[in-house]
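A.B. asks:
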Amino acid sequence: MDFYLKENGVRTSFEFGQLNISGDETFGFRPYQLMVASIAGCSIGVFRKILDKQRVDYEDIKVTAEVTRNPDEANRIENIHLHFVIKGYHLNQDKLLKNLDVSRNNCSMVQSVKNSIEVKETLECIELNK
2 MDFYLKENGV RTSFEFGQLN ISGDETFGFR PYQLMVASIA GCSIGVFRKI LDKQRVDYED
62 IKVTAEVTRN PDEANRIENI HLHFVIKGYH LNQDKLLKNL DVSRNNCSMV QSVKNSIEVK
122 ETLECIELNK
């Protein structure tokens, strides 16, 4: 990966496209947003793979991330709370919580920050009718 310093931040390019990074969100994504997005995106992706393998009948999964930062330590991310909302049919919350644990252990981004950022997951099930 190559990163280029620009007047208002940093730019890089990937196969998917260009990414602008800046402390000022009018010029690009803020670094902490990218960190949280990486963790949430990885978590939901691994969780989905597990649900698909187990043929869980779901319509939608949404994750809301709440972030706690420490202004006394360079505004570092201390905690990320990921709240999963799954909408589907015949959902078994206990089984889904176990699946969430498995996804946590297999998400490379969560594992990468394991001893520096506390990542907590909660789950809400919304039962749909066919």
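Residues in the sequence shown are numbered consecutively from 2, following this note's numbering. Backbone N, C-alpha and C fix where the C-beta goes; we use that ideal spot for every residue, glycine too. Since we're looking at a predicted model, the values are computed, not measured.
Could you pull out every residue in the same chain whose Cβ sits closer than 6 Å to the Cβ of residue 100, ignoring the five residues on either side in sequence?
C.D. replies: Translated into the one-based positions of the sequence shown, residue 100 becomes position 99. Excluding residues within five positions, the ones whose Cβ falls inside 6 Å are 51.
A.B. asks: What number of angstroms, rounded off, separates the C-alpha of residue 79 from the C-alpha of residue 39?
C.D. replies: Here the question's residue 79 lines up with position 78 in the sequence shown. Here the question's residue 39 lines up with position 38 in the sequence shown. Their Cα atoms are separated by approximately 15 Å.
A.B. asks: Would you please state the rounded distance, in angstroms, between the beta carbons of residue 69 and residue 84? I believe it to be under 8 Å.
C.D. replies: Numbered from its first residue, the sequence shown carries residue 69 at position 68. Numbered from its first residue, the sequence shown carries residue 84 at position 83. The Cβ separation is near 14 Å, so there is no contact.
A.B. asks: Rounded to the nearest angstrom, how far is the Cβ of residue 21 from that of residue 28, given a contact under 8 Å?
C.D. replies: What you label residue 21 is simply residue 20 of the sequence shown in a count that begins at 1. What you label residue 28 is simply residue 27 of the sequence shown in a count that begins at 1. Indeed they touch by this definition, with Cβ atoms about 6 Å apart.
A.B. asks: Assign residue 48 to buried or exposed, taking buried as 16 or more other Cβ atoms, counted over all protein chains shown, within 10 Å of its Cβ.
C.D. replies: Your numbering for residue 48 matches position 47 in the sequence shown. With 16 or more other Cβ atoms within 10 Å, it is buried.
A.B. asks: Cβ of residue 92 within 7 Å of Cβ of residue 128?
C.D. replies: Residue 92 sits at position 91 when you count from the first residue of the sequence shown. Residue 128 sits at position 127 when you count from the first residue of the sequence shown. The answer is yes: Cβ separation under 7 Å.
A.B. asks: Could you give the residue range of the alpha helix (DSSP H) that holds residue 104?
C.D. replies: Taking the first residue of the sequence shown as 1, we reach residue 104 at position 103. 94-107 is the extent of the alpha helix (DSSP H) around residue 104.
A.B. asks: If you draw a straight line from the alpha carbon of residue 71 to that of residue 131, how long is it in whole angstroms?
C.D. replies: If you number the sequence shown from 1, residue 71 lands on position 70. If you number the sequence shown from 1, residue 131 lands on position 130. Those two C-alpha atoms are separated by around 46 Å.
A.B. asks: My understanding is that residue 59 touches residue 81, with C-beta atoms under 8 Å, so please give their C-beta distance in whole angstroms.
C.D. replies: Taking the first residue of the sequence shown as position 1, residue 59 is located at position 58. Taking the first residue of the sequence shown as position 1, residue 81 is located at position 80. Actually they do not touch by this definition, with Cβ atoms about 23 Å apart.
A.B. asks: Determine whether the beta carbon atoms of residue 2 and residue 43 lie at a separation below 7 Å.
C.D. replies: The residue you call residue 2 lines up with position 1 of the sequence shown. The residue you call residue 43 lines up with position 42 of the sequence shown. In this structure, residue 2 lies away from residue 43, with their beta-carbon atoms at least 7 Å apart.
A.B. asks: Which residue wins for smallest C-alpha separation from residue 102, given the options 116, 26, 124, 31?
C.D. replies: For the purposes of this step, residue 102 is taken as residue 101 along the sequence shown, with counting starting at 1. It is 124.
A.B. asks: What are the uninterrupted segments assigned as beta strand (DSSP E) that are 3 or more residues long and contained completely in the segment 35-92, given in chain order?
C.D. replies: Taking only runs of at least 3 residues, the beta strand (DSSP E) segments lying wholly in the segment 35-92 are 59-71, 77-89.
A.B. asks: Would you report the Cα separation of residue 8 and residue 37, rounded to the nearest angstrom?
C.D. replies: By one-based count along the sequence shown, residue 8 stands at place 7. By one-based count along the sequence shown, residue 37 stands at place 36. Between residue 8 and residue 37, the C-alpha separation is close to 25 Å.
A.B. asks: Distance check for residue 90 and residue 1, CA to CA, integer angstroms please.
C.D. replies: Absent from the model: residue 1. The displayed extent of the chain is 2 to 131, so no value can be given.
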